[in-house]
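Notes to accompany the following structure.
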Amino acid sequence: MLDPKQIINDLDAALEQMRKRDPNASFDELLTLHEKRRQLVGEHNDLRHKQRTLSKGFGDKGLSDEERSTLRAELKVMSDGVKDLDDGIKAVEVELNDWLMNTPNLPDPSTPAGQTEDDNVLIRSWGTPREHDFEGQDHDALGEALGILDFDAAARISGARFALYRGLGARLERALASFMLDMHTDSHGYEEVLTPFLVRREAMIGTGQLPKFEDDAFRTEPDDMFLIPTAEVSVTNILREQMLAGTDLPIKFTAFSPCFRREAGSYGRDVRGLTRTHQFQKVEMVQFTREEDSEAAHEALTGHAEAILQALNLPYRVMQLCGGDLGFGAAKCYDIEVWLPVQQCWREISSCSNYRDFQARRADIRYRPEPGAKPRFVHTLNGSGLAIGRTVMALIENYQTADGRLLIPDALQPYMRVSEIAPSA
RNA sequence: GGAGGAGUGGCCGAGUGGUUGAAGGCAGCGGUCUUGAAAACCGCCAGGCGCAAGUCUCGGGGGUUCGAAUCCCUCCUCCUCCGCCA
């Protein structure tokens, strides 16, 4: 949720930033509604003051019955007036809230302008993109040949866009999750949490998935709960409506969870394999920081995701998203894209965002910078560290051999307890 | 699923129709005292909007009333007991 005050105080700057996301962005409606509300509230205050002052005399024992009923009639008129103003204010506030809940975050000044991913900016890259000296196999075909993926079975159970892992494939997902969690807790200072995967509507509103993107989520009937599209939802809402001390910050959580996405807008795209499924697993990192610390925390968090890829020796590049490609609540976002030598392309495997106070306003997460000081909203950040299904895909693409085996990276071998996966035939 | 109980400021907790936006306590901040600290004592101390006067907020929403934290309706959440169950 945006801060109307901030926008009104520096309209030109806000407009300039917002137009990086949408060249036609405008705050006219906000300004109109805000002014309308201000005016009504002013009237309400004056009338209410008169009413309260006058009604103090009502309990006066000295009043005659006649005086009392005159006063009552007079106060009744005022009371009706207050009620009318109340209704007017509420109506405006509904519109105002609707606008605020459906308006995305202001891009950070460093965010490049642009509409599509072509306008994203390369920040850095790591490793040398592999080139196989043989004809590489697609990850889904090789996965099935190795007996570690079974998409036919997944389709029988759940339909298109689901994955089923078998044998060492199932173990590989589990190994990756443990490996990533261990690194984030042991080396990067995160507390591991295991959260509910089914959340209430308010939680989805708090992190920004609702009300605007309800079609993207799986919803349960009749309980009106939502399957989390990312652990970000449950983890960020851990601190919903909490007042923290400045000394509590930063708070860093990492969580492993399944993620559920309807993929409503992507019919026909990436239907095969592990690229885009309705359910996948992910290790997520979430940080809550003081406002002045979030920028540095964002860089650090991105580095924590990169550390996983480096440990697995998977070449990647870091892209800064342009305004048009930015998620709804993000002010600044780095996508990490892993190199896929068979598909011959870079594919997003992590997305690391700084939300600044956008989610904290919605979820009401505040802190006192110093004892006795006025509360401020925390800044929230999150990033994948990493998406596990896509990591499996990247491993199969990068670590396959000419004779159709899959090598296990050194860092993963303690978790896998094998050094390679070969066809069982 | 059935039956009860409860939601008040950072925390605990008074408050059942009229100077209660809210007693008291804890925590915090400032001070007195002390070589220093502790203890003791004194003062301050919810948030939003507004330049201010002021106004709004006692889980959310609606209602009754001249007037609601307080009465009524409804929804949400939590707790206890019974039933069922991994």
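Take 1 as the starting number for the first sequence in this note's numbering and just add one per residue. Just so it is clear, CB atoms sit at the ideal spot from N, CA and C, and this is done for glycine as well. Note that this is a predicted model, so its numbers are computed, not measured.
Closest by C-alpha distance to residue i, when choosing among the options
i           : options            : result
residue 178 : 388, 79, 396, 408  : 388
residue 158 : 133, 172, 174, 279 : 279
residue 20  : 338, 416, 119, 284 : 119
residue 395 : 323, 314, 404      : 314
residue 190 : 249, 196, 136      : 249
residue 138 : 410, 401, 413, 414 : 401
residue 403 : 1, 378, 133        : 133
residue 411 : 127, 182, 148, 72  : 182
Check whether residue i and residue j have beta carbons under 9 Å apart
i           : j           : result
residue 320 : residue 397 : no
residue 392 : residue 146 : no
residue 47  : residue 81  : yes
residue 318 : residue 156 : no
residue 186 : residue 166 : no
residue 495 : residue 17  : Here the chain covers residues 1 to 425 and nothing more, so residue 495 does not appear.
residue 180 : residue 385 : yes
residue 193 : residue 255 : yes
residue 353 : residue 372 : no
residue 85  : residue 40  : yes
residue 382 : residue 236 : yes
residue 257 : residue 162 : no
Collapsed DSSP secondary structure at residue i in the structure displayed
i           : result
residue 354 : strand
residue 122 : strand
residue 237 : helix
residue 375 : coil
residue 147 : coil
residue 97  : helix
residue 68  : helix
residue 331 : coil
residue 179 : helix
residue 407 : strand
residue 208 : coil
residue 365 : coil
residue 284 : strand
residue 227 : strand
residue 385 : strand
residue 194 : coil
residue 258 : strand
Inter-residue spacing [alpha-carbon to alpha-carbon] between residue i and residue j
i           : j           : result
residue 267 : residue 345 : 21 Å
residue 219 : residue 129 : 40 Å
residue 56  : residue 37  : 28 Å
residue 310 : residue 272 : 27 Å
residue 308 : residue 339 : 14 Å
residue 423 : residue 350 : 30 Å
residue 30  : residue 95  : 9 Å
residue 26  : residue 15  : 7 Å
residue 66  : residue 74  : 12 Å
residue 421 : residue 164 : 17 Å
residue 50  : residue 208 : 41 Å
residue 331 : residue 173 : 31 Å
residue 300 : residue 42  : 46 Å
Query - Cβ contact check for the stretch 196–206 and the stretch 219–232: 3 or more pairs under 8 Å - result: Result yes; three or more Cβ-Cβ pairs closer than 8 Å.
Query raised in the report: How do the stretch 256–271 and the stretch 209–224 stand: do at least 3 beta-carbon pairs fall below 8 Å, yes or no?
Result: Segment contact: the stretch 256–271 against the stretch 209–224, three or more CB-CB distances shorter than 8 Å; contact assigned.
Query - Given 8 Å, three or more beta-carbon pairs between the stretch 284–294 and the stretch 104–114 - result: Judged by Cβ distances under 8 Å, the stretch 284–294 makes no contact with the stretch 104–114, as fewer than three pairs qualify.
Query raised in the report: Do the stretch 357–368 and the stretch 241–253 make contact, defined as three or more Cβ pairs closer than 8 Å?
Result: Short answer: they touch.
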